[in-house]
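Here the sequence shown stands for residues 4 to 419, numbered as in this note's numbering. Structure first, commentary second.
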Amino acid sequence: MSNSLLRGLRIAYDKGETRALISVCSAHPVVIEAALLHAASRKQPALIEATCNQVNQEGGYTGMTPAGFRDFVFGIADRISFPRDQIILGGDHLGPNPWKSLPPGEALQKASDMIAAYAQAGFTKLHLDASMGCKGEKEHLPDAVVAERAVMLASRAESVAPGQAVYVIGTEIPTPGGATEAFDHVVPTTPDAVRATYHVHEAAFRDALPAAWPRVIGIVVQPGVEFGHEDVAIYQPDAARALVTSLADLPGLVFEAHSTDYQPGTSLAQLKRDGFSILKVGPELSFALREALYGLDAIRNFREPQTISLVSVMEQVMLASPANWQSHYHGDASMQRVLRHFSYSDRIRYYWPVPEAAKAVQDLMQSLGGSAVPETLISQYLPRFFDRVKAGALPAEPEKLQLQSVRDVLDRYETL
4 MSNSLLRGLR
14 IAYDKGETRA
24 LISVCSAHPV
34 VIEAALLHAA
44 SRKQPALIEA
54 TCNQVNQEGG
64 YTGMTPAGFR
74 DFVFGIADRI
84 SFPRDQIILG
94 GDHLGPNPWK
104 SLPPGEALQK
114 ASDMIAAYAQ
124 AGFTKLHLDA
134 SMGCKGEKEH
144 LPDAVVAERA
154 VMLASRAESV
164 APGQAVYVIG
174 TEIPTPGGAT
184 EAFDHVVPTT
194 PDAVRATYHV
204 HEAAFRDALP
214 AAWPRVIGIV
224 VQPGVEFGHE
234 DVAIYQPDAA
244 RALVTSLADL
254 PGLVFEAHST
264 DYQPGTSLAQ
274 LKRDGFSILK
284 VGPELSFALR
294 EALYGLDAIR
304 NFREPQTISL
314 VSVMEQVMLA
324 SPANWQSHYH
334 GDASMQRVLR
344 HFSYSDRIRY
354 YWPVPEAAKA
364 VQDLMQSLGG
374 SAVPETLISQ
384 YLPRFFDRVK
394 AGALPAEPEK
404 LQLQSVRDVL
414 DRYETL
């Protein structure tokens with residue numbers, strides 16, 4: 004199912020159809036559930052992706068192997084009766100990045116073992132990213148070396164699951180997790196760079212792995228979208244016109260856009276029309292979840308003013324283990340506090356699985372109970388939901404409000 008759907012994206016684009024898949028990149032169970040519910044409501048498959056740092060054969064920062072992540076997603080799907088065969092699992096940035104401090108041979112062996120684990124676990128959309136230099140190499144490698152290593156990784160996936168995967172190439176993308184500094188604009192990938200990436204990969208595949216080249220269905224480029232801690236670069240179609248035109252020179256491929264978080268619906272619709280048929284979103288989904296949790300926390304704290312707030316617990320958790328934010332957030336103590344909780348890059352997402360944080364969320368839900376939250380408190384602390392709650396279209400139940408906050412982001416991707 005996944006191969007035919009993904010391979011059909013370019014066919015649809017050539018027919019003038021506006022079609023795109025939302026690629027959800029998150030390991031938060033509420034985000035995954037919301038993504039599956041959204042897909043079910045649209046009667047379409049759900050594309051769920053994991054990154055090489057998040058999930059790998061050594062556990063990644065989530066502690067999950069590819070098989071473990073698959074079972075995690077399938078467990079949520081089974082609980083809400085979403086068909087497993089309607090889930091497309093993807094692996095993002097599959098290459099030596101987690102081990103780039105090692106010598107090339109050792110790092111590439113680990114990357115090869117990783118992509119094999121992804122393929123064996125049933126992941127069928129694999130982004131090949133061997134662009135980074137390893138120990139003793141330059142930071143950015145020549146295109147020919149990148150392509151050679153990408154084909155090596157694809158060969159390993161093919162040896163485990165022959166003919167099962169489709170591949171995405173290309174590495175000119177926004178900074179994973181968002182930019183670290185403020186920016187005025189983002190320059191789209193040039194047509195020459197796109198064509199060079201395409202041709203060098205085509206040559207490498209046709210030479211070493213010709214049967215897999217027809218299953219290379221996408222290329223990651225920079226369309227001019229990005230988000231930082233406090234800024235969002237909005238898609239500018241005129242600036243990307245030359246890039247969009249270059250798609251005509253890439254038969255069978257569509258563009259994959261990363262960091263499309265926080266783009267307005269009109270921009271997402273234009274990206275689809277311009278051939279960006281795979282739109283990746285991640286931090287905005289957990290950002291929206293945090294907004295709902297903090298709104299519910301404010302409601303609970305108003306009703307029970309002596310209770311320790313979720314905000315306070317999260318602040319303590321982040322200060323106790325600063326590794327996931329300290330090198331990213333700058334400024335004075337006041338600014339860092341704001342960024343810890345409210346940055347677009349949403350590095351607070353790394354802390355929800357921490358036992359103290361998970362318990363604080365559980366306590367919040369238990370304190371609010373199963374009864375509906377009063378409309379007037381919804382109006383005050385979660386106003387985006389008020390009209391729907393008052394009209395009876397959305398139950399004022401804490402769990403449903405969390406899910407809807409995430410689904411509102413996904414719904415914006417359906418704007419035409």
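A virtual CB, placed ideally from N, CA and C, is assigned to each residue, including glycine.
Sequence-distant residues of its chain with Cβ nearer than 8 Å to residue i (five each side left out)
i      : result
Thr310 : Arg303, Asn304 and Ser370
Asp411 : Ala291 and Arg387
Pro86  : Ala80
Ser162 : Ala119
Pro240 : Val247, Gln273 and Asp277
Pro226 : Pro191, Thr192, Tyr238, Ala243, Leu246, Phe258, Ala260, Leu274, Asp277 and Phe279
Nearest residue (CA-CA) to residue i, options the options
i      : options                           : result
Leu299 : Gly372, Val197 and Trp102         : Gly372
Trp355 : Gln329, Val341, Ser324 and Pro377 : Ser324
Val76  : Leu105, Leu40, Arg306 and Val189  : Leu40
Leu296 : Pro308, Ser312, Arg306 and Glu307 : Ser312
Leu12  : Glu229, Val58, Thr269 and Val171  : Val171
Val34  : Glu142, Glu287 and Trp216         : Glu287
Ala37  : Gly19, Thr68, Asp74 and Ile83     : Ile83
Ser289 : Arg276, Tyr353, Val228 and Gly255 : Tyr353
Tyr265 : Gln47, Asp414, Pro32 and Pro107   : Asp414
Ala207 : Ala147, Val392, Thr174 and Val189 : Ala147
Leu322 : Glu307, Arg340 and Arg306         : Arg340
His202 : Glu229, Ala214 and Gly173         : Gly173
Ile14  : Lys393, Val409 and Gly255         : Gly255
Sub-8 Å separation of residue i and residue j beta-carbons
i      : j      : result
His331 : Arg350 : yes
Leu8   : Ser280 : no
Leu274 : Thr263 : yes
Glu52  : Asp95  : yes
Ala70  : Val154 : no
Leu129 : Ala150 : no
Lys113 : Cys137 : no
Thr200 : Asn6   : no
Ala122 : Gln60  : no
Ala243 : Pro191 : yes
Tyr454 : Val257 : An answer regarding residue 454 cannot be provided, because it is not within the stretch 4 to 419 covered by the chain.
Glu417 : Ala399 : no
Ala49  : Ile90  : yes
Leu101 : Cys55  : Per the sequence shown, residue 101 should be read as Pro rather than Leu. Yes, the Cβ-Cβ distance between Pro101 and Cys55 is below 8 Å.
Ala124 : Arg45  : no
Close beta carbons around residue i, own chain, < 7 Å, minus the five adjacent residues each side
i      : result
Phe422 : No answer is possible for residue 422: it lies beyond the span of the chain, which begins at 4 and ends at 419.
Asp252 : Arg198
Pro32  : Ile79
Gln57  : Ala30, Gly63, Tyr64 and Thr65
Short CB-CB distance (under 8 Å) between residue i and chain D
i      : result
Gly373 : No chain D is part of this structure, which consists of one protein chain only.
Contacting residues, own chain, Cβ-Cβ under 6 Å from residue i (five flanking each side not counted)
i      : result
Ser158 : Leu212
Ala133 : Gly98, Val149, Arg152 and Ala153
Thr248 : none
Ile237 : Ser270
Leu342 : His232 and Tyr332
query: When the Cβ atoms of the segment 355-367 are set against those of the segment 308-328, are three or more pairs found closer than 8 Å?
result: Yes, the segment 355-367 is in contact with the segment 308-328.
message: Would the segment 23-39 count as touching the segment 278-295 if we require 3 or more Cβ pairs under 8 Å?
response: These segments touch.
- request: Write down every uninterrupted run of the alpha helix (DSSP H) in the segment 266-304 whose length is 4 residues or greater and which is fully enclosed by it, in chain order.
  value: If we require 4 residues or more, the alpha helix (DSSP H) runs fully inside the segment 266-304 come out as 268-276.
field: Ordered list of beta strand (DSSP E) runs contained in the segment 74-142, each at least 3 residues
entry: If we require 3 residues or more, the beta strand (DSSP E) runs fully inside the segment 74-142 come out as 90-97 and 128-131.
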